[in-house]
Every structure is written in C-alpha cells, then in structure tokens.
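Undergrad:
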Amino acid sequence: MLNIMESLYNIRKLDELARGDTSIHRVHPLAKLITTVIYLIVVVSFDRYEISRLLPLVFYPILIFAFAELPVKPILKRVLLVEPLVIGIGVLNPVFDQQVVMLAGMEISRGWITFLAIFIKGGLTVTAALLLIATTGMDRLAEALRMLRIPRLFVLQLLLTYRYISVLLEEVATTLRAYSMRAPRQKGIQRSVWGSLAGQMLLRTFDRAQRVYQAMCLRGFSGEYITGSSKKMNAGDLLYIVGWGLFLITMRTYDIPMLLGSLFTGVITR
Amino acid sequence: MSHHKLEVRDLHFAYPDGQEAIRTMSFVIHHGESVGIIGANGAGKSTLLMLLMGVLFPDRGEVLVGDVHVTKKTLPLIRQRLGIVFQNPDDQLFMTTVYDDVAFGPRNYKLDEKEVESRVNQALEMVGITHLKDRAPFKLSGGEKRAAAIASVLSMQPDVLIMDEPSAALDPKSRRRIIRLLNGFGHTKIVTSHDLDMTYETCDRIIVIKDGEIAADGPKDEILTDAELLDRCGLEMPLSLQNCPVCRSQK
C-alpha cells in the first residue's frame, strides 16, 4: 500500500528533477538523446570479459550528476530496482563458465567475470537512461524523438503510457486503500479476491483513462502531442555531442586503463 | 449575436444498454445568459453535457452551437467555442506543471508559443493562481486544482463556459472564491450542480431536468422558490431561501 503511493511519488520525482535549470538541463534534448545513444552503444559493445575497459565510462554519469546538480540517491535507488533483473540474467554464468583465470593475483572463474560485466553494463546503461530523463523530461525527449522522425504514433504511445502510469497507479492505490480499510490485520490481499480486485481495477482504470482522454479531446487534442518550445540546436549543443562522442570513441578504440597502467609500470621499471 | 447561441432541438439519447437518458429536450440559450441545469442524480445532466460537447451523439434531434450543428466534422470548431470544466479536476489535469496543463488546449490549436504564453498568463491571472504556474498539479489542494482546471479551459477563450458541479468537494472559502470567479465572467455560462445555493447566486435562469425531460425552465426566482416543483424533481429549496433553522423565522 505504502509502497504503491511511494512509487507514485517516485515516478513523478524524475519529472521534478527535469525541471531544473543547469547547464546540462539547457542542452538541447536531441543532443542529449544522441549522446546517450552513443554511450549505450559503446557500453554494450565491449566484450564480456573486458571489465577494466568499462571503468572509464563511469565518468559520464559522474559528470552529468555533478553538472546537472542531481541528487545521487533517488536515481541510484531506481537503478537498483532494475539490478535484480540483471542479476537474474547473469546469475547462471558462474555455473556454466568455470574456466579459471588470474585476476590481481586471485584465481577467479570466467563466469564470475562475465557476470560482473553484465552487472556493470546494466548499471551504466540504466543510469544513463535515467539521467537522460532526469535532465530532459519526457515531453522534451518526445520532441527530440519526433525530430529524429520517429513515427508520431510511437512517440505518442510512449508519452501517454508515461502519463497514464501515474494516473492509473492512483486508481490502484485508492482501491487498495479501500480494501485494507475493511480488511484489518491482513497481510497483503486474500487470494480469493485477487480476481475480482484485479478486474475491478482494470475497469476503473479503463473508465479513468477514458475520462482523461475525453478531457484531452475537448481541449482540441487530435493525435499530436504538442509540447511547445522547440528551439533549434546551437553550436554549444553540437559541441556537447562532439565532445562526448570523442571521449566515448577514444575509450572504445584505446584501452586507456591498460595504457595508463603500462605507462606507470613503464616508469617504474625504467 | 446569434453566433453565440446554443440550441437544443428535440434531443433524444439512449445508452447502448437501452437506458433512455434523454427523452425529449428542447431549449435555447442566448449570448451572455447564465443557466443552471439542476436535477436529481441520474436525471440526465451529465449526459446532456456530453451531448452538448459532442462526446456523445444524439439518436434523434440536434444540438446547434451558433448556427453550426454538432457533428463529428464540426467538433474541432465546436470544442473551441465551448469550454467544459469536468467535475473531477484530476481527470483534466495530467501534465507535469500547471502551466503546461493550461497551455495544452492552445497548443493543440497550433497557436504560436508567444500567443500561448500570453493566453496562459491571462487565464492564470483571471483565476488568481499565477503563483502556482510551475507547481505540479497533483500537489495542489482541491480548490487550487479546480482553479487550475478552470484556467485550462479559459486559456482556449471559449464563448460558452460549461461547468459540471464546480463547487463539489470544495471547502466553504474555496467555494466562495469559485462563485465570485463565475460571477466575474462575461461568458455565456451553463452550470450543473446539486449545490442550489451556488446555482442561485451564479445563474439567472434555471432548467430543471427530471427523467430525461425538462420539468421546468424559467428565471431563478420563480423556479428555486417553488418548493413543490423542486420536491417533485428530487430537489430541495436552496438553504438560503428556507426558513431559519434556529429561530424558525420566515424568510
């Protein structure tokens, strides 16, 4: 019950963060979208044993956190929500891939390394996506998608789903509250009413969604979700893409941690 | 100004399950009139509003806004002229900020962003919530939400303002504010409500609906003082017109 209300507020938290006014928030949504996509591609492109090469990529989220003045905790909490899924995907790797390698003087199976790689990649990609939303906002993000000529229908679907989630969660929360008020000393919901409760919620959310849609139509909604202010990209925005693009491509082409390492060890042995 | 006229001719509507919500109804509302539509629960008020707005279409009869018939084709035009404020503001407010919500309508009519901004500011000023501009609608109080919902309709600059239960679930002070707001508008107004005291204060003409038909239509002083008529239609005289409950003195 509390959890649902909490997640309701959590969903809206990202919207609130997106209303900030920092140098990152002001970057054109399209620039941020493209940068994020490049970042995602670079992160996933690494081989499953290359953990060390993933490490420099942490710079991107750290810098965005810092410059966009975002609170770290609420965003990392959301990342953690996804991690169980990631763990679920990678958990069998250590079982299947038991070939042993040496890492920092320790014997470790390759399965563990791939598992760790999946874990890190999951964390980085989800963080990047959340940061994009938290610095841009869904509306402006949709605008950027439209600029990329993504079909109107898909963008609309995305936006309305995002909007409706919070509306529908409210309905669910009210229903559950009504249930718990009349079912004292019960943990969770009795199995016998699962069906009718779920059906009830479905019908209520249908009704609610219908009313919201009608209200939209009455205010002239005709399929195009217009969010206003669509400014043009300027030189700064281009620089943002090029800057991050260069950084990421460099990280992809050269093994920076290795180079740094050999540089230091080279100095020492000399 | 005949183009602000709202006319209902011989309207009939039944829901798909066969329930006859509107039997026959005809009336004309002229420019600048403020009309209260009252009736018991299930009398057909909400259905009537839906028919006026073109959310539902009648089986028989017609609705004319100005000289334009309400049909699927003319809907965009009709909806620009009629602004409806829903009973539950939560159904109407769903954007991330009050500003975006109020701008939703004008943006849909593809006005340029400067015009949108001036309309939004004007609407917010009219209802006195300019300070809430950047707040998230779901964090507002009931009265503030209602005001925001009204602003979101005013920004479309409708000729006719339709309100479904504008004073429902409001505290007395917020209710008073809404009444003052309503009285301040020069628009043609149509208000449905069970709050007959509010109806008495904001409307000049009253239409009483009973079982999908018009039971009475006339000036407020005539209708709202007719205890027998109101009783027959499942209503009651406004409290402000009844005898004092403490001293029983006649009004």
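Same order as they appear, the protein sequences are chains A and B. Converting from the first sequence to the numbering used here requires adding 8 to each position, the first position being numbered 1. Converting from the second sequence to the numbering used here requires adding 243 to each position, the first position being numbered 1. Where is the CB? At the ideal position from N, CA and C, for every residue including glycine.
(1) How would you write the range of the alpha helix (DSSP H) that I46 (chain A) sits in, first residue to last?
(2) Looking only at C-alpha atoms, which of A:V108, A:V99, A:S230 sits nearest to V124 (chain A)?
(3) What residues in its chain sit with their C-beta under 7 Å from that of A264 (chain B), if we drop five residues either side in the sequence?
(4) Would you verify that the beta carbon of V103 (chain A) is, or is not, closer than 8 Å to some beta carbon of chain B?
(5) Is R303 (chain B) helix, strand or coil when you go by DSSP?
(6) Taking 8 Å as the CB-CB limit, is Q222 (chain A) close to chain B?
(7) N101 (chain A): buried (16+ other C-beta within 10 angstroms of its C-beta) or exposed?
(8) For the region 18 to 45 of chain A, which residues have a beta carbon sitting closer than 9 Å to at least one beta carbon of chain B?
(9) Using a Cβ-Cβ distance cut-off of 8 Å, determine whether I234 (chain A) contacts chain B.
(10) Can you pull the chain B residues whose beta carbon is under 8 Å from the beta carbon of K229 (chain A), in chain order?
(11) If you drop the 5 nearest sequence neighbours on each side, which residues of the same chain put their C-beta closer than 7 Å to that of F75 (chain A)?
(12) If you follow the alpha helix (DSSP H) that I197 (chain A) is in, where does it begin and where does it stop?
(13) Using a Cβ-Cβ cut-off of 8 Å (strictly less than) and excluding sequence neighbours within five positions of Y502 (chain B), which residues of its own chain qualify?
(14) Using only CA atoms, which one of B:F428, B:D402, B:M441, B:T435 lies nearest to P415 (chain B)?
(15) Does the beta carbon of L100 (chain A) come closer than 8 Å to any beta carbon on chain B?
(16) Going by DSSP, which residues form a beta bridge with D263 (chain A)?
(17) Could you give the DSSP three-state label for E91 (chain A): helix, strand or coil?
(18) I272 (chain B) to G326 (chain B), Cα distance in whole Å?
(19) Would you be able to state if there are at least three C-beta pairs under 8 Å between the region 143 to 154 of chain A and the region 38 to 53 of chain A?
(20) What beta strand (DSSP E) runs, 3 residues minimum, are completely inside the region 444 to 478 of chain B?
(21) Give, in chain order, every residue of the region 290 to 312 of chain B whose Cβ lies closer than 9 Å to some Cβ of chain A.
(22) Does the Cβ of M9 (chain A) have 16 or more other Cβ atoms within 10 Å, making it buried, or fewer, making it exposed?
(23) By alpha-carbon positions, which one of B:F381, B:G386, B:L397 ends up nearest to R362 (chain B)?
(24) The beta strand (DSSP E) that contains A264 (chain B), what's its start and end?
(25) Three or more C-beta pairs closer than 8 Å, one from the region 61 to 72 of chain A and one from the region 261 to 270 of chain A: is that the case here?
(26) Just checking my contact of P332 (chain B) with K388 (chain B) at CB under 8 Å: how many whole Å lie between their CB atoms?
(27) Assign R252 (chain B) to one of three DSSP states: helix, strand, or coil.
(28) Looking at the ligand HEM, does it come within less than 7 Å of R190 (chain A), judged from the CB to the closest heavy atom?
(29) Whole angstroms is fine: what's the gap from T122 (chain A)'s alpha carbon to E179 (chain A)'s?
(30) So, does the CB of Q400 (chain B) fall closer than 8 Å to a CB anywhere in chain A?
(31) By DSSP, does L368 (chain B) sit in helix, in strand, or in coil?
(32) Using 10 angstroms around the beta-carbon of M244 (chain B), count the other beta-carbons present and answer buried if the total reaches 16, otherwise exposed.
(33) For a contact defined as C-beta to C-beta under 8 Å, what are the partners of R219 (chain A) on chain C?
(34) Please compile the residues from chain B whose C-beta is within a distance smaller than 8 Å of the C-beta of L166 (chain A).
(35) Expressed to the nearest angstrom, what Euclidean distance is found between the alpha-carbon atoms of T318 (chain B) and K453 (chain B)?
(36) Which chain B residues are close to R185 (chain A), counting only those with a beta carbon under 7 Å from its beta carbon?
TA: In short:
(1) Element bounds for I46 (chain A): 37 to 53.
(2) The residue asked about is misnamed: residue 124 (chain A) is Leu in this sequence, not Val. With distances taken between Cα atoms, L124 (chain A) lies closest to A:V99.
(3) So the list reads F256, A257, Y258, G287, T290, G455, once near-sequence residues are dropped.
(4) Taking Cβ atoms only, chain B never reaches closer than 8 Å to V103 (chain A), which makes this a no.
(5) DSSP places R303 (chain B) in strand when its eight states are reduced to three.
(6) Contact with chain B is found for Q222 (chain A), since one of that chain's Cβ atoms lies less than 8 Å from the residue's Cβ.
(7) Only buried fits N101 (chain A), as 16 or more other CB atoms lie within 10 angstroms of its CB.
(8) Of all residues in the region 18 to 45 of chain A, R20, D23, E24, A26, R27 have a Cβ within less than 9 Å of some Cβ in chain B.
(9) Cβ-Cβ to chain B under 8 Å: yes for I234 (chain A).
(10) Checking the sequence, you will find Phe at residue 229 (chain A) rather than Lys. Near F229 (chain A) (Cβ distances below 8 Å), the residues of chain B are F347, N351.
(11) Around F75 (chain A): T30, S31, I32.
(12) Where I197 (chain A) is concerned, there is no enclosing alpha helix (DSSP H), given that its DSSP letter is neither H nor E.
(13) The first residue shown for chain B is 244 and the last is 494, placing residue 502 (chain B) beyond what the model contains.
(14) Checking every option, the nearest Cα to that of P415 (chain B) belongs to B:M441.
(15) Output row for L100 (chain A): interface = no.
(16) The partner list for D263 (chain A) (beta bridge, DSSP) is empty, contrary to what the question assumes.
(17) Helix.
(18) Between I272 (chain B) and G326 (chain B), the C-alpha separation is close to 15 Å.
(19) Yes, the region 38 to 53 of chain A touches the region 143 to 154 of chain A.
(20) Segments of the beta strand (DSSP E) lying fully in the region 444 to 478 of chain B: 448 to 453, 456 to 462.
(21) Close to chain A, meaning a Cβ-Cβ distance shorter than 9 Å, are the following residues of the region 290 to 312 of chain B: M293, M296, G297, V298.
(22) Caution is warranted here: a pLDDT of 48 is assigned to M9 (chain A), below 50, making its placement in the model unreliable, and the coordinate value is therefore given only provisionally. Exposed, by the Cβ-count rule.
(23) For R362 (chain B), the nearest C-alpha among the options comes from B:L397.
(24) Unbroken beta strand (DSSP E) run through A264 (chain B): 263 to 265.
(25) Contact between the region 61 to 72 of chain A and the region 261 to 270 of chain A is present, with at least three C-beta pairs closer than 8 Å.
(26) Their Cβ separation, rounded to whole angstroms, is 4 Å, which keeps P332 (chain B) and K388 (chain B) in contact under 8 Å.
(27) Of the three classes helix, strand and coil, the one that applies to R252 (chain B) here is strand, per DSSP.
(28) Absence of the ligand HEM is noted for the structure shown, with no ligands found whatsoever.
(29) T122 (chain A) and E179 (chain A) have their C-alpha atoms roughly 42 Å apart.
(30) No, because no Cβ of chain A sits closer than 8 Å to the Cβ of Q400 (chain B).
(31) Note that residue 368 (chain B) corresponds to Glu in the displayed sequence, not to Leu. Helix.
(32) Its pLDDT being 45, under 50, M244 (chain B) is placed unreliably in this model, and the coordinates cannot settle the point.
(33) Checking the listed chains, one finds no chain C in this structure; the protein chains it contains are A and B.
(34) Within 8 Å of the CB of L166 (chain A), no CB atom of chain B is found; the nearest one sits about 15 Å away.
(35) Inspection of the sequence shows that residue 318 (chain B) is occupied by Leu rather than by Thr. Spanning the two alpha carbons is a distance of roughly 28 Å.
(36) Those do not exist, as R185 (chain A) stays about 15 Å from chain B at its closest Cβ, beyond 7 Å.
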